[in-house]
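Chemist: If you read the protein sequences in the order shown, they are chains E, L and B.
Position in the first sequence counted from 1, then plus 426, gives you the working numbering.
Position in the second sequence counted from 1, then plus 7, gives you the working numbering.
Position in the third sequence counted from 1, then plus 90, gives you the working numbering.
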Amino acid sequence: MNEERSTLGTVLITYAALYLLVVANLVVALAGVSGIWALVVAMGIAGIQALVVALFSMELLRSRRSIGVVAVIAPLFVLLLVSLTVVDVYTRAPSPLEIPPIDRTVPSPPPSGITSTPSP
Amino acid sequence: MKNYLNAETTIWSWLSTKDHKRIGVMFLVSVTLFLLVGGIFALILRLEHLTPGPTIVSPNMYNQLFTLHGVVMVWLFLIPAIPAGFGNFFLPIMLGAKDVAFPRLNLASLYIFWVGALVMIYGILDRAADTGWTFYPPYTSVTYTKATPVLLGVFILGWSTIITGVNFITTIHTLRAKGMRFMDMPLFAWALYGASIIQLIGTPVLGLILLMIVMDHGFDWGLFDPARGGDPLIFQHIFWFYSHPAVYIMILPPMGVVSEVVATMAHKNPLSYKAIAYSTFGIAFVGFLTWGHHMFTSGMSEFNAGIFGILSMSVAVFSAIKVFTWTGTLYKGSVWIRTPLVYVFSFLFLFIFGGMTGVAVAATSLDVHWHDTYFVVAHFHFIMVGASLTAFLAALHYWWPKITGRMYFEGWGVAGAILVLLGFVGTFFPLFLVGNGGMPRRYYHYSEQFQALNVLATAGSWVLALGLLLILVTLIWSLYAGEKAPPNPWHSRSYEWMTPSPPPKENFPETPHFVRGPYDYHLPLEPP
Amino acid sequence: MNVAVPKLQHHFEDIPKQAHAARLGMWLFLGSEALFFSGLFTFYAGYRAHHPEIFRLGVAHNDLVLGTVNTFILLTGSLLISLALWALRAGHRTLAVLLTACTALAGVVYLVVKGAEWGRHMSEGIFPGGRGDFFVENPEPAWAVFYTAYYGITGFHAIHVTVGVCILGWTAWWMHRERVGPAAAYKLAIVSLYWHFVDIVWLFLWPLFYLLRNPA
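(1) Give the interface partners of residue 238(L) over in chain B, defined as CB-CB distance under 8 Å, in chain order.
(2) For a cutoff of 7 Å on Cβ pairs, would you count residue 247(B) as touching chain E?
(3) Is the number of C-beta pairs between the region 216–229 of chain L and the region 168–179 of chain L that are closer than 8 Å three or more?
(4) What does the alpha-carbon distance come out to for the pair residue 484(L) and residue 419(L)?
(5) Along the chain, which unbroken stretches of the alpha helix (DSSP H) at least 4 residues long are found entirely within the region 49–127 of chain L?
(6) Report the partner residues of residue 288(B) according to the DSSP bridge assignment.
(7) Indicate whether residue 236(B) and residue 162(B) have their beta-carbon atoms separated by less than 7 Å.
(8) What's the gap between the Cα of residue 458(E) and the Cα of residue 298(B)?
(9) Can you tell me whether residue 217(B) is helix, strand or coil according to DSSP?
(10) Compute the distance between the beta-carbons of residue 165(L) and residue 74(L), then report whether it is under 7 Å.
(11) Can you give me the C-alpha to C-alpha distance between residue 254(B) and residue 194(B), rounded to a whole angstrom?
(12) Any chance the region 97–115 of chain L sits against the region 23–32 of chain L, with 3 or more Cβ pairs inside 8 Å?
(13) Three Cβ pairs or more, each shorter than 8 Å: is that satisfied between the region 164–184 of chain B and the region 210–225 of chain B?
(14) Are the C-beta of residue 511(E) and some C-beta of chain B separated by less than 7 Å?
(15) Per the DSSP calculation, residue 135(L) is bridged to which residue(s)?
(16) Kindly confirm or deny that the region 306–322 of chain L and the region 504–513 of chain E touch, where touching means at least three C-beta pairs closer than 8 Å.
(17) Exposed or buried, what is residue 189(L) when buried is set at 16 or more other beta-carbons lying within 10 Å of its beta-carbon?
(18) Beta-carbon of residue 107(B) versus every beta-carbon of chain L: anything under 7 Å?
(19) With 16 other CB atoms within 10 Å as the buried threshold, where does residue 427(E) fall?
(20) Establish whether the CB of residue 224(B) and some CB of chain L are separated by less than 7 Å.
(21) Give me the Cα-Cα distance between residue 477(E) and residue 487(E), rounded to the nearest whole angstrom.
(22) Quick one: Cα of residue 282(L) to Cα of residue 326(L), how far?
(23) Whose CA, out of 487(L), 461(L), 331(L), 365(L), lies closest to the CA of residue 322(L)?
(24) For the alpha helix (DSSP H) holding residue 409(L), just list the boundary residues, first then last.
(25) Residues of chain B with a CB under 9 Å from the CB of residue 490(E): which are they?
(26) Residues in its own chain within less than 6 Å of residue 300(B) by CB, not counting five upstream and five downstream?
(27) Looking at the strands, I want to know which residues DSSP matches up with residue 447(L).
(28) Would DSSP call residue 36(L) helix, strand or coil?
(29) Does any residue of chain A bring its CB to less than 7 Å from the CB of residue 105(L)?
(30) Please report the residue range of the alpha helix (DSSP H) in which residue 148(B) lies.
(31) So residue 179(L) and residue 196(L) are supposed to be a Cβ contact under 8 Å. How far apart are they, rounded?
(32) In the DSSP assignment, find the unbroken alpha helix (DSSP H) run with residue 329(L) in it and report its ends.
(33) When you compare the CB positions of residue 208(L) and residue 246(L), do they come within less than 7 Å of one another, or not?
(34) Using CA atoms only, rank isn't needed, just tell me which of 478(L), 392(L), 296(L), 380(L) is closest to residue 502(E).
(35) Out of 99(B), 165(B), 119(B), 101(B), which one is the CA nearest neighbour of residue 444(E)?
(36) When the cut-off is 7 Å and only beta carbons count, does residue 91(B) lie next to chain L?
Next up, the structure:
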């Protein structure tokens with residue numbers, strides 16, 4: 427099983443990498459990266475860090491497959507909840523209160539689908 | 008003869024036990040008690056609906072009653088009943104193990120269940136919540152009633168569920184008898200595995216959202232208050248992410264029971280073991296993709312509504328696979344009609360009805376008419392009662408000999424099953440009709456045109472109550488006057504029948520070596 | 091040397107099976123904890139989608155130095171517990187006890203820094219639920235939900251850190267008292283799994299509340 431000795435070297439290299447990734451994330455933010463790329467990079471680095479911690483510190487690499495399945499499935503469901511909720515917010519029709527008021531000084535266009543004007 | 012019941016007889020030996028069988032029995036007694044409590048709430052609701060206007064309770068009390076009926080039935084009965092009751096008792100035995108992986112955690116799960124129930128009961132007795140079991144903001148954030156203890160009670164109960172899930176999955180992975188592969192396990196174990204997966208993925212999300220609404224209600228955090236930047240739909244997304252898969256927690260273990268009873272009573276191998284096993288995981292995972300169908304009319308985007316509508320229908324595929332497999336197993340089997348199988352026949356009929364109306368409400372264009380009417384109420388009661396409760400009763404009779412060492416009375420068993428079926432259909436079929444006619448749910452008043460069918464539904468509820476009472480009384484009576492049960496009264500090949508009734512404390516007199524599969528009915532009976 | 095051996099429970103066939111069961115059980119629990127935090131991430135994501143600019147301003151208003159310091163502290167705690175596990179497996183029990191205690195200490199330092207941050211926000215008139223003078227000066231509704239989400243999410247994470255500190259403290263004492271040797275290292279391993287998980291969650295919270303602050 428995995429109660430054999432872990433190597434000191436592996437621990438030290440793992441954490442050196444993790445500290446460097448923290449610095450990298452900080453540098454990207456301080457460099458002024460913004461918008462969607464800031465999110466992608468920040469979450470991407472965090473994701474890599476999580477992977478490193480899981481594989482090495484949490485010894486996923488040396489664990490049995492059943493544990494690996496757990497480690498893969500849980501984040502997928504986290505993503506599922508977050509993404510479909512965010513998609514809802516982004517794809518909602520604008521709220522009536524945010525639709526600009528109708529300009530009643532000009533005649534309103536006919537509703538779509540009607541090709542002839544009705545007789546007065 | 009020494010068995011798990013009389014190995015030690017002090018109360019302390021029960022309260023401090025690590026024996027999964029005793030823990031299972033204590034869960035069974037507890038959930039039965041709460042079934043009665045939730046049932047009484049339901050009977051009062053139905054009495055209130057004998058007339059369109061006020062009948063026996065005030066409007067506020069009506070709101071509290073339907074809230075508590077839901078909360079008690081979902082979290083104090085349906086979720087724990089089969090897993091924590093029968094699952095705890097039988098999973099280790101079916102795997103040839105001496106106990107679950109974490110026996111002390113198992114006992115803790117029982118105590119946590121009781122603590123959660125007590126906190127909830129405190130809330131019930133002192134200005135019970137009136138929010139509906141779904142606790143939607145903004146109302147739940149501002150209600151004058153004691154929502155907090157009820158919410159915290161549910162939160163605490165969630166821990167019990169999570170512990171059970173961890174225990175069962177670990178048990179299945181690490182304590183199977185030597186040589187038993189995953190594909191050799193009894194199908195009930197697969198059902199428990201599937202339900203446990205849902206419990207682990209879903210329950211913590213419920214725990215979180217309930218804590219959030221507690222902060223809203225208790226500390227006015229305004230998390231869903233639009234005046235403070237909030238959005239009630241965020242609550243709904245997070246709530247239903249758990250609460251939809253929760254219904255699969257409530258149906259997978261019953262389906263496992265059906266698989267066991269069908270194979271035994273037809274004395275035949277399941278038509279396809281793999282179909283049942285894989286469809287279990289299909290339901291467990293795909294069930295998580297469907298939660299938005301509870302939100303079709305609440306302001307969610309049409310884009311999401313489309314996605315969730317399609318995904319919701321896909322779950323039915325797995326249920327259909329199971330129904331066809333069970334039916335195919337019964338076909339040309341050596342069918343032995345006894346009470347458990349009578350319940351299974353009820354289950355098949357009612358589950359198909361409930362399931363197909365589920366596919367119907369999954370269609371967004373139809374649901375906009377049915378949402379928040381009695382049509383939906385009838386749909387989910389056909390599954391919760393018609394399928395889940397029915398399978399619970401099937402399990403109770405099927406495994407009664409093994410758990411208690413006594414046979415129940417067959418005549419009374421069948422009578423009870425028929426009363427339950429008739430009472431159930433009488434109660435809930437009319438509700439499809441009034442719901443389709445537009446009668447809203449959770450309304451104290453209703454339009455006069457719906458009265459006749461409501462009276463019929465109330466009459467049905469009395470027949471159902473009578474049936475359940477009859478079952479309770481005759482089962483208890485059988486403990487004293489029932490004939491002593493042999494190890495294998497059903498001549499089943501499943502593993503729990505290879506040990507005495509009731510089992511010894513260590514489950515098997517000697518370490519079991521299973522040389523046959525649990526459904527090897529095609530092989531001749533080996534000498535006892 | 092008087093070294094204790096873990097007790098084999100009656101239903102497991104051997105210690106390796108028992109150890110694997112403990113590990114699997116902890117991973118399953120952590121999987122469920124990940125889903126607990128998923129609700130919190132959904133809050134943040136859903137509300138940032140609703141109010142992108144105010145959330146950005148809120149993140150910019152948070153103290154980047156304190157947040158980053160906390161990131162280093164938790165990561166160091168994670169390093170220390172990994173070293174403790176190595177030490178115990180190599181037979182250096184006293185070193186393992188010390189390192190475990192230091193990990194707990196790192197958690198305490200994290201909580202102190204977090205508390206200081208919260209104190210600073212409160213002195214600016216920022217309280218949960220949109221209460222406080224800050225919200226009078228900044229009446230846009232989204233400010234309330236940003237800070238309430240901030241308190242709620244970092245608060246729940248801090249509760250997990252606190253639980254971790256208690257468990258680590260208890261574990262250090264247990265290793266010392268029971269003269270635990272390499273054979274029982276799996277018990278320290280499962281405690282360390284929990285601690286690493288708490289660290290992973292913060293590695294995601296730190297960018298969300300401290301780094302995603304730049305104007306487009």
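Ideal placement from N, C-alpha and C gives every residue a C-beta, glycine not left out.
Modeler: Here's the rundown:
(1) 136, 137, 140
(2) No - not a single Cβ of chain E is within 7 Å of the one on residue 247(B).
(3) no
(4) 11 Å
(5) 66–78, 95–102
(6) Answer is none; residue 288(B) lacks a bridge partner.
(7) no
(8) Near 15 Å, if we compare the C-alpha coordinates of residue 298(B) and residue 458(E).
(9) strand
(10) no
(11) 8 Å
(12) yes
(13) Result no; under three Cβ-Cβ pairs closer than 8 Å.
(14) yes
(15) 153(L)
(16) Counting Cβ pairs under 8 Å, three or more are found: they touch.
(17) exposed
(18) yes
(19) For residue 427(E), the predicted model reports a pLDDT of 40, less than 50, meaning its position is unreliable and no value from the coordinates is stated.
(20) Judged by the 7 Å Cβ criterion, residue 224(B) is not in contact with chain L.
(21) Those two C-alpha atoms are separated by around 11 Å.
(22) 10 Å
(23) The closest CA to that of residue 322(L), considering only 487(L), 461(L), 331(L), 365(L), is found on 365(L).
(24) First-last of the alpha helix (DSSP H) with residue 409(L): 397–411.
(25) The contacting residues are 110, 113, 114.
(26) 152, 154, 157
(27) 380(L)
(28) helix
(29) No chain A is part of this structure, whose protein chains are labelled E, L and B.
(30) 142–151
(31) 6 Å
(32) 309–337
(33) no
(34) 296(L)
(35) 165(B)
(36) For residue 91(B), the predicted structure reports a pLDDT of 45, less than 50, and the residue's modelled location is therefore unreliable. A value from the coordinates is still provided. Output row for residue 91(B): interface = no.
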